[in-house]
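So the protein lines, in turn, are chains W and A. In this text, residue positions in the first sequence follow this note's numbering: the first is 97, and each later residue adds one. In this text, residue positions in the second sequence follow this note's numbering: the first is 97, and each later residue adds one. The beta carbon of each residue, even a glycine, is placed where N, CA and C say it ideally should be. Values in this document were obtained by computation on a predicted structure and should not be read as measured data. These notes are about the structure you will find just below.
Number of protein chains: 2
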Amino acid sequence: MTKHPAETIELELTILMRRFMAATTNKKVGNLDRSAYLLLHQISSQGSAGVKALAEEFHLDISTISRQSAALEQKGYVYRILDPQDGRAYSLQITESGAKELASNKQARFERVAELLQEWSLEDQQMFGELLSKFNRTFI
Amino acid sequence: MTKHPAETIELELTILMRRFMAATTNKKVGNLDRSAYLLLHQISSQGSAGVKALAEEFHLDISTISRQSAALEQKGYVYRILDPQDGRAYSLQITESGAKELASNKQARFERVAELLQEWSLEDQQMFGELLSKFNRTFI
DNA sequence: ACTATATACTTGCATTATACAACTATGTGA
DNA sequence: TCACATAGTTGTATAATGCAAGTATATAGT
């Protein structure tokens with residue numbers, strides 16, 4: 097029987113998860129672990145957001161984001177803007193130091209991946225990037 | 097400036113990690129969590145192997161695999177074959193019940209992914225699967 | 001206006017996956 | 001034979017996470 101591509105995709109995704117996780121979990125690049133990096137990236141690229149919105153974006157529990165953003169605030173990478181309309185809410189904004197840290201992180205991460213991909217044709221890299229993005233958008 | 101594809105790939109991989117993790121960590125499909133699924137798959141497709149070899153394959157600590165395989169043995173999905181040449185070593189072999197569990201798991205996981213990909217052209221699915229495999233092989 | 005309920009966030013607790021280190025038992029080389 | 005290496009197990013620590021309970025604020029129904 098011929099394998100449906102989704103079978104391959106499922107298996108390879110699971111393997112990738114394993115490997116990528118092992119290579120990135122609890123491992124900071126510079127000063128940011130994976131969650132901090134993603135949070136900063138999100139805030140930086142999509143603008144400030146509250147805990148709840150971020151939790152939904154990442155499909156994580158609100159409490160998890162609450163702790164992660166508290167940690168980022170602690171490090172001075174984000175600050176809170178209290179919502180003038182709602183005394184319970186606030187949104188997170190990136191600081192200058194946060195933006196700097198994010199940029200250097202991005203660079204380091206990029207270099208790591210570029211090294212892995214050095215043997216790949218640019219076309220394959222392009223295609224892989226596009227399909228990953230497409231998949232992530234599908235995956236929401 | 098034009099973004100190098102590796103930048104996109106890095107970011108999308110990180111996002112994917114987050115999402116896929118959230119959707120699969122601590123979540124069993126049937127009776128198997130992600131590690132159990134991967135271990136069973138490995139043993140089933142690549143033949144029996146010892147704790148050390150599996151740890152290397154997955155880039156995990158030997159102790160982690162030791163626990164995970166003990167759990168699989170506990171459930172009756174694998175059994176040990178003592179190495180006749182080496183009294184310290186053994187290798188893990190899948191049982192019939194393990195093979196059955198693996199098959200039904202694979203099916204369930206496949207269906208989940210196929211559902212996500214239903215809007216995709218078969219060509220894109222094919223390509224995505226190939227690139228993922230290629231990346232995993234690169235990633236070793 | 002008052003009360004009940006909903007919402008945004010925090011904090012306490014439990015669980016899980018993992019690594020590292022110490023340990024046991026067995027094998028191997030000088 | 002003895003020192004060291006190797007396969008695997010177990011104890012302990014850490015980190016990411018979810019759930020549940022708690023706090024403070026907002027909103028809706030009466």
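Where residue i falls: helix, strand or coil (DSSP)
i                : result
Leu156 (chain A) : coil
Gln189 (chain W) : strand
Arg176 (chain A) : strand
Leu128 (chain W) : strand
Residues that residue i contacts on chain A, provided the C-beta gap is smaller than 9 Å
i                : result
Ile44 (chain W)  : Lying before the first or after the last residue shown, residue 44 (chain W) is absent from chain W, which here runs from 97 to 236.
Tyr133 (chain W) : Thr110
Asn232 (chain W) : Glu108, Ile111, Leu112, Arg115
Chain W residues whose Cβ lies nearer than 7 Å to that of residue i
i                : result
Gly225 (chain A) : Pro101, Thr104, Ile105, Glu108
Asp220 (chain A) : Leu227
Val209 (chain A) : Ala102, Ile105, Glu106
Residue i beta carbon near the ligand MN (any heavy atom closer than 6 Å)
i                : result
Ala166 (chain W) : Looking at this structure, you won't find the ligand MN or any other ligand, since it has none at all.
Proximity winner among the options, relative to residue i (alpha-carbon distances)
i                : options                                : result
Leu188 (chain W) : W:Glu211, W:Glu106, W:Ala145           : W:Ala145
Asn201 (chain W) : A:Glu106, A:Lys99, A:Leu150, A:Thr98   : A:Glu106
Ala102 (chain A) : W:Thr234, W:Asp220, W:Val125           : W:Asp220
Trp216 (chain A) : W:Glu226, W:Lys196, W:Glu211, W:Thr191 : W:Glu226
Glu197 (chain A) : A:Glu108, A:His155, A:Val174           : A:Val174
Leu128 (chain W) : W:Ile177, W:Gln203, W:Glu153           : W:Gln203
Ser131 (chain W) : W:Glu108, W:Thr98, W:His155, W:Glu211  : W:His155
Thr234 (chain A) : W:His100, W:Lys99, W:Ile111, W:Thr98   : W:Ile111
Leu135 (chain A) : A:Leu213, A:Arg163, A:Glu207, A:Asp182 : A:Arg163
His100 (chain A) : W:Asn232, W:Phe231, W:Lys230, W:Val209 : W:Val209
Asp179 (chain W) : W:Ile158, W:Gln214, W:Val147, W:Glu207 : W:Val147
Tyr133 (chain W) : W:Phe206, W:Asn232, W:Thr104, W:Glu211 : W:Phe206
Leu212 (chain A) : W:Gly183, W:Leu150, W:Ala151, W:Phe231 : W:Phe231
Gly143 (chain W) : W:Ile177, W:Lys123, W:Thr98, W:Asp157  : W:Ile177
Val125 (chain A) : A:Gln214, A:Phe224, A:Ala199, A:Gln222 : A:Ala199
Where residue i meets chain A, residues with beta-carbon distance less than 7 Å
i                : result
Val147 (chain W) : Within chain A, no residue comes near Val147 (chain W); the closest Cβ sits about 16 Å away, beyond 7 Å.
Ala38 (chain W)  : Within the shown structure, residues of chain W are numbered from 97 to 236, placing residue 38 (chain W) beyond reach of any answer.
Arg205 (chain W) : Glu106
Neighbouring residues, chain W, relative to residue i (Cβ below 8 Å)
i               : result
Thr98 (chain A) : Within 8 Å Cβ-Cβ: nothing; Thr98 (chain A) doesn't reach chain W, min ~11 Å.
Residue i: contacting residues in chain W (beta-carbon distance under 9 Å)
i                : result
Ala118 (chain A) : Phe154, His155, Leu156
Within chain A, partners of residue i - CB distance below 8 Å
i                : result
Arg130 (chain W) : Thr110, Met113, Arg114
Legend entry - the stretch 167-175 of chain W / the stretch 131-139 of chain W touching (three or more Cβ pairs under 8 Å): yes
Legend entry - the stretch 109-123 of chain W in contact with the stretch 191-201 of chain W per 3-pair CB rule at 8 Å: no
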